[in-house]
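Just so you know, the working numbering puts 315 at position 299 of the sequence shown, and the rest follows in order with no gaps.
A short worksheet on the structure shown next.
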Amino acid sequence: MDLTFAKEDEDFRLEIREALRGLVPPDMARRTRQRVHPTKADLKLWNRILYDRGWSVAHWPKEYGGTGWSPLQVHIFEEELAAADAPFLTYFGPRLVGPLLYTFGREEQKRDLIPDILTGETLWCQGFSEPSSGSDLASARTSAVRDGASYVINGQKIWTTEAHYADRMFCLVRTDPSVPAQKGGFSFVMLPMTDPGVRVRPIVTLDEGHSVNEVFLENVRIPASDIIGEEGRGWDYTKFMLANERITNAHVPRAKRDLVLLKEIAASEYGASPSAARDEARRRIAQLEMDLDGLEWSVLREIINGSKNPAIASGLKIVASELQQRMTDLAVDMIGARGRIFYGEDDFERNDLPGNPGEYAPGLAARQLFLRATTIYAGSNEIQRGIIAKQQFGL
Ligand SMILES: Cc1cc2nc3c(=O)[nH]c(=O)nc-3n(C[C@H](O)[C@H](O)[C@H](O)COP(=O)(O)OP(=O)(O)OC[C@H]3O[C@@H](n4cnc5c(N)ncnc54)[C@H](O)[C@@H]3O)c2cc1C
17 MDLTFAKEDE DFRLEIREAL RGLVPPDMAR RTRQRVHPTK ADLKLWNRIL
67 YDRGWSVAHW PKEYGGTGWS PLQVHIFEEE LAAADAPFLT YFGPRLVGPL
117 LYTFGREEQK RDLIPDILTG ETLWCQGFSE PSSGSDLASA RTSAVRDGAS
167 YVINGQKIWT TEAHYADRMF CLVRTDPSVP AQKGGFSFVM LPMTDPGVRV
217 RPIVTLDEGH SVNEVFLENV RIPASDIIGE EGRGWDYTKF MLANERITNA
267 HVPRAKRDLV LLKEIAASEY GASPSAARDE ARRRIAQLEM DLDGLEWSVL
317 REIINGSKNP AIASGLKIVA SELQQRMTDL AVDMIGARGR IFYGEDDFER
367 NDLPGNPGEY APGLAARQLF LRATTIYAGS NEIQRGIIAK QQFGL
């Protein structure tokens with residue numbers, strides 16, 4: 017089996033690498049390397065820089081503002097972005113609601129909403145999970161009740177990433193309480209985060225960072241035309257989005273960058289002299305590299321062949337999420353006690369931290385804690401195992 021890229025793909029890679037040289041502002045690159053939750057200013061600025069080159073939604077079809085590149089070229093482009101320490105663009109617009117809109121949206125929705133996703137002018141958040149409906153989304157209770165030419169929305173969402181940055185939420189709502197979700201009970205609506213009935217309350221996570229929120233919706237009134245696509249098709253749209261999200265979450269390009277950083281940490285911590293700790297780190301890095309290679313080629317096979325097998329998307333989500341956790345576990349283990357010191361987001365700019373941490377130490381422990389979430393979000397890994405058992409083995 018030949019795992020090398022063809023010459024024209026490598027030429028494309030060099031072209032992209034050259035074009036990206038110096039494009040990421042250095043302080044933004046440092047924040048990305050240290051994996052601070054991206055700031056709204058960074059997200060907007062980086063989106064704009066990419067947009068100016070026609071690259072803000074490289075994976076989209078050309079007719080909607082994408083590049084028309086092949087899936088492999090998009091993958092190479094994303095690898096080069098990660099290698100340049102470019103921030104990971106918010107994916108609720110470009111990855112989730114954008115493709116939904118151009119696939120299922122009405123013509124006027126495509127016309128009115130897509131341009132601001134391309135420029136990053138409108139940032140979106142995803143209102144799926146509720147306090148007692150995370151894995152079991154079909155039990156979500158947030159309601160949208162028709163009142164003349166409007167819908168009135170009431171309910172609560174939780175774990176809403178970047179709700180505090182977002183201009184709009186795409187929101188899963190119950191429009192017909194008399195039928196189950198799968199039989200047309202749900203719809204998708206969009207709502208403005210500036211509505212007086214929307215209240216966002218921060219959730220500070222284990223890493224002491226703020227990226228997720230609770231969102232309370234009280235009598236939020238939207239025009240009936242702000243239903244996305246057709247009423248009653250919310251469940252179909254949810255399945256479409258979740259499948260996209262699981263493959264996206266494979267995050268291979270970012271993991272490849274993390275592997276390079278892991279090797280740099282190992283070289284700096286252990287030098288060239290043999291030791292048991294150095295051998296152990298080498299063994300773990302080699303295992304991670306093999307697993308990452310396997311993941312990369314499995315993801316490529318899926319995106320190139322356009323496979324729609326949900327069991328495979330679930331399998332890739334499991335492997336990718338666990339890999340991210342194993343990588344930060346190793347990084348923290350390698351730097352010993354310094355890796356256990358917690359550095360909050362405000363500490364990244366300081367140079368008087370205890371224990372002489374080294375450039376790579378700030379943020380590592382926080383990242384290790386935050387990444388516990390990778391096996392929970394985008395559908396927990398237990399749920400993915402259930403999907404594989406049912407879809408693949410008929411259990
Ligand atoms: C950092 C982070 C960001 C997030 N961002 C968003 C976002 O932007 N928008 C959004 O809508 N949601 C978001 N989520 C929510 C996420 O999708 C849910 O947390 C996830 O789906 C799990 O739901 P839950 O938290 O309600 O847990 P529960 O569903 O209550 O599950 C609790 C535990 O039980 C297990 N479990 C549940 N059902 C089964 C079953 N049938 N079989 C086996 N085990 C089961 C689960 O695996 C889990 O371990 C985010 C979550 C996190 C942690």
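C-beta: ideal position from N, C-alpha, C; glycine also.
Predicted model, so just to flag it, every value in this text is computed and none were measured.
Report the option in the options whose CA atom is closest to the CA atom of residue i.
i      : options                           : result
Gly379 : Tyr67, Gln400, Ile357 and Phe202  : Ile357
Tyr393 : Glu261, Asp128 and Ala381         : Glu261
Ala297 : Ile320, Pro326, Asp349 and Lys255 : Asp349
Gly213 : Leu36, Val40, Asn325 and Arg237   : Arg237
Ser317 : Pro87, Ala57 and Arg69            : One detail in the question is off: residue 317 reads as Arg in this sequence, not Ser. Checking every option, the nearest Cα to that of Arg317 belongs to Pro87.
Gly331 : Arg299, Ile399 and Ala382         : Ile399
Trp71  : Leu39, Tyr376, Gly395 and Arg383  : Leu39
Ile328 : Tyr376, Asp309, Lys406 and Leu278 : Lys406
Asn235 : Asp58, Leu207, Trp313 and Lys255  : Leu207
Gly355 : Glu338, Glu375 and Asn325         : Glu375
Arg215 : Ser396, Leu311, Asp183 and Pro42  : Asp183
Pro110 : Ala381, Gly402, Glu137 and Ser145 : Glu137
Cys187 : Ser148, Gly150 and Gln142         : Gln142
Ile3   : Ala292, Ile319, Leu278 and Tyr286 : No statement about residue 3 is possible, as the shown extent of the chain runs from 17 to 411 and does not include it.
Leu59  : Gln89, Met44 and Arg122           : Met44
Ser145 : Pro41, Asp309, Pro326 and Val189  : Val189
Ile404 : Ala377, Ala381 and Asn325         : Asn325
Pro269 : Thr119, Asp295 and Val315         : Val315
Tyr67  : His53, Thr55, Gly82 and Lys56     : Gly82
In or out: residue i buried (at least 16 other Cβ within 10 Å) or exposed?
i      : result
Val113 : buried
Leu129 : buried
Glu95  : buried
Gly410 : exposed
Val276 : exposed
Gln125 : buried
His226 : exposed
Asp274 : buried
Met185 : buried
Ala165 : exposed
Thr210 : exposed
Ser12  : A query on residue 12 cannot be resolved here, the shown segment of the chain reaching from 17 to 411 and no further.
Asp303 : One point to set straight first is that residue 303 is Gln, not Asp, in the sequence displayed. Gln303 should be labelled exposed.
Ala336 : buried
Met306 : exposed
Ala22  : exposed
Trp251 : buried
Trp313 : exposed
Lys333 : buried
Arg69  : exposed
Lys173 : buried
Arg37  : exposed
Glu178 : buried
Asp223 : buried
Asp27  : exposed
Leu19  : exposed
Quick check on the DSSP output: the alpha helix (DSSP H) that includes residue i runs from which residue to which?
i      : result
Ala126 : In the sequence as displayed, the identity of residue 126 is Lys instead of Ala. From DSSP, the alpha helix (DSSP H) with Lys126 extends over Glu123 to Thr135.
Trp140 : It is not in any alpha helix (DSSP H) - Trp140 instead sits in the beta strand (DSSP E) that spans Trp140 to Gly143.
Asp274 : Val268 to Tyr286
Ile403 : Asn397 to Phe409
Ile320 : Ala292 to Asn321
Arg49  : Pro42 to Arg49
Leu339 : Pro326 to Met350
Arg383 : Leu380 to Phe386
Leu116 : Gly114 to Phe120
What first and last residue would you give for the beta strand (DSSP E) that runs through residue i?
i      : result
Pro239 : His226 to Pro239
Gln172 : Ser166 to Ile174
Asp163 : Ser159 to Asp163
Pro208 : Phe202 to Pro208
Pro87  : Counting along the chain, Pro87 falls outside any beta strand (DSSP E), though it belongs to the alpha helix (DSSP H) covering Pro87 to Ala99.
Pro218 : Val214 to Val220
Leu66  : Premise fails: Leu66 lies in the alpha helix (DSSP H), Lys56 to Asp68, not in any beta strand (DSSP E).
Arg37  : Here Arg37 belongs to no beta strand (DSSP E), and DSSP marks it neither H nor E.
Val52  : Premise fails: Val52 is in no beta strand (DSSP E) and is neither H nor E.
Trp189 : The sequence given here has Val at residue 189, not Trp. Start and end: Arg184 to Arg190.
So does residue i have its beta carbon nearer than 7 Å to some heavy atom of ligand 2?
i      : result
Cys141 : Inclusion of ligand 2 in the displayed structure is not the case, the ligand content consisting of ligand 1 alone.
Checklist line | Meets three-Cβ-pair contact criterion under 8 Å: the stretch 381 to 392 and the stretch 344 to 351 | finding: yes
Check: So does the stretch 216 to 224 actually touch the stretch 154 to 166, counting three or more Cβ pairs closer than 8 Å?
Finding: no
Item checked: Segment contact, 8 Å Cβ cut-off, at least three pairs: the stretch 280 to 291 with the stretch 225 to 232 -> At 8 Å Cβ cutoff, the stretches do not touch.
Check: Is the stretch 192 to 205 in contact with the stretch 133 to 140, if contact means three or more CB pairs nearer than 8 Å?
Finding: no
Notebook entry, point to check: When the Cβ atoms of the stretch 52 to 63 are set against those of the stretch 98 to 112, are three or more pairs found closer than 8 Å?
Noted result: yes
Margin query: Between the stretch 142 to 155 and the stretch 196 to 208, can you find at least three pairs of beta-carbon atoms closer than 8 Å?
Written below: yes
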